Amino acid sequence: MIILKPFHSILSLLVVLVLTGCDCQYEISGVVLDEASKLPIQNVAIGQTDTTDLDKPFNQKIFTKKYGKFDFREVAQSCDEVTLYFSHQEYFTEKVTLPNNSNATIYLSRKRKTNSFFDRQREYKIKNLTKKNDSPSSMNDTTMCSTWNLTEKQVRVIIGNAKEIDGPKWHYKFEHLPCRVTGELVQNTKKYLLSINSGAWLTVSSNDTTLMYGIFSNSIDPYFVSSAWTEGIKKHEQSK
Numbered sequence: 051m052i053i054l055k056p057f058h059s060i061l062s063l064l065v066v067l068v069l070t071g072c073d074c075q076y077e078i079s080g081v082v083l084d085e086a087s088k089l090p091i092q093n094v095a096i097g098q099t100d101t102t103d104l105d106k107p108f109n110q111k112i113f114t115k116k117y118g119k120f121d122f123r124e125v126a127q128s129c130d131e132v133t134l135y136f137s138h139q140e141y142f143t144e145k146v147t148l149p150n151n152s153n154a155t156i157y158l159s160r161k162r163k164t165n166s167f168f169d170r171q172r173e174y175k176i177k178n179l180t181k182k183n184d185s186p187s188s189m190n191d192t193t194m195c196s197t198w199n200l201t202e203k204q205v206r207v208i209i210g211n212a213k214e215i216d217g218p219k220w221h222y223k224f225e226h227l228p229c230r231v232t233g234e235l236v237q238n239t240k241k242y243l244l245s246i247n248s249g250a251w252l253t254v255s256s257n258d259t260t261l262m263y264g265i266f267s268n269s270i271d272p273y274f275v276s277s278a279w280t281e282g283i284k285k286h287e288q289s290k
């Protein structure tokens with residue numbers, strides 16, 4: 051027993067040295083953004099595992115600060131790259147392998163709970179369709195809006211063909227015209243506010259969520275005053 055104890059201690063020390071000798075210090079910095087809006091996400095947990103047990107080795111996490119920025123410094127078993135998990139309760143967890151000393155932009159996709167928001171593919175009712183003209187920006191806008199309107203049948207076709215868009219695409223791809231059709235969508239006793247702009251885009255809103263959609267189908271373009279930009283030229287400009 052007395053003879054084996056020093057040998058056992060030396061052996062244990064060698065094992066520790068071998069294991070720790072393979073580890074490297076690394077630093078990963080960057081920003082985490084919402085995939086749709088491209089806005090920064092605060093309080094995203096970043097770590098080497100996907101669990102929430104912060105007491106386990108190699109499971110320490112940091113959280114993104116204001117503007118979604120992070121600076122993660124830890125020990126990894128590889129000097130060249132490290133795999134990190136980006137977790138947030140409102141987003142799907144993203145597993146990303148990054149090279150050491152890199153600066154990365156990470157995009158997270160927001161979760162959508164089942165039946166928590168309007169499903170365009172399921173049955174719904176349309177109520178209180180109303181045409182509204184906001185303050186026009188020009189006499190040309192007034193002329194374009196004077197004869198524009200939508201029927202319930204056209205509204206259903208538009209909703210069925212709409213594609214979800216983010217803020218930048220909405221800003222650069224579509225005209226924001228003063229004439230729109232508003233109404234209510236009722237699905238599973240839930241009510242949503244609908245607003246269809248004559249510039250070929252629309253919004254569907256609940257108390258805490260608003261989603262934007264655009265129309266990119268040529269067959270539906272006649273329903274609108276102008277369509278999405280194509281090669282930098284608007285539909286009403288092409289017709290001049």
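Under the working numbering, the sequence shown has 137 at position 87, and the numbering climbs by one with no breaks. Cβ coordinates follow ideal geometry from the N, Cα and C atoms, glycine included. These numbers come from a predicted model, not from an experiment.
How many whole angstroms separate the CB atoms of residue i and residue j, which I take to be in contact at a CB cut-off of 8 Å?
| i | j | result |
| --- | --- | --- |
| Ile176 | Ile265 | Going by Cβ atoms, the distance from Ile176 to Ile265 rounds to 17 Å, so no, they are not a contact pair. |
| Leu235 | Tyr273 | Not quite, the Cβ-Cβ distance comes to about 18 Å (not below 8 Å), so this is no contact. |
| Gln294 | Phe168 | This structure leaves residue 294 out entirely; the chain is present only between 51 and 290. |
| Phe120 | Val146 | The pair is not a contact, with the Cβ atoms about 12 Å apart (cut-off 8 Å). |
For residue i, which residues from the same chain have a beta carbon less than 6 Å from its beta carbon, with the 5 sequence-adjacent residues on both sides left out?
| i | result |
| --- | --- |
| Asn93 | Phe113 |
| Ser137 | Ala95 and Thr143 |
| Arg123 | Glu77 |
| Thr70 | With a pLDDT of 46 at Thr70, under the threshold of 50, the modelled position of this residue cannot be trusted, and the question is left open. |
| Lys181 | Asn199 and Val231 |
| Asp216 | Ala86 and Ser87 |
| Leu243 | Ser255 |
Is DSSP giving residue i helix, strand or coil here?
| i | result |
| --- | --- |
| Glu225 | coil |
| Thr193 | helix |
| Trp251 | strand |
| Tyr174 | coil |
| Asp271 | helix |
| Asn151 | coil |
| Asn211 | helix |
| Glu85 | coil |
| Lys181 | strand |
I'd like the list of long-range same chain contacts for residue i, defined as Cβ closer than 7 Å, with 5 residues on each side in sequence excluded.
| i | result |
| --- | --- |
| Ser152 | Ile78 |
| Gly249 | Phe224, Glu225, His226, Leu227, Phe274, Val275 and Ser276 |
When the distance is taken between beta carbons, is residue j closer than 8 Å to residue i?
| i | j | result |
| --- | --- | --- |
| Val231 | Val205 | yes |
| Arg160 | Tyr141 | yes |
| Tyr157 | Glu85 | yes |
| Thr133 | Gln98 | yes |
| Cys229 | Asn183 | yes |
Could you pull the DSSP bridge partners for residue i from this structure?
| i | result |
| --- | --- |
| Ile91 | For Ile91, which the question treats as bridged, DSSP gives no partner whatsoever. |
| Ser245 | Thr232 and Thr253 |
| Gln139 | Per DSSP, none; premise fails for Gln139. |
| Gln237 | Lys240 |
| Phe122 | Ile78 |
Apart from the five residues on each side of it in sequence, which residues of its chain come closer than 8 Å, Cβ to Cβ, to residue i?
| i | result |
| --- | --- |
| Lys213 | Tyr263, Gly264, Ile265 and Phe266 |
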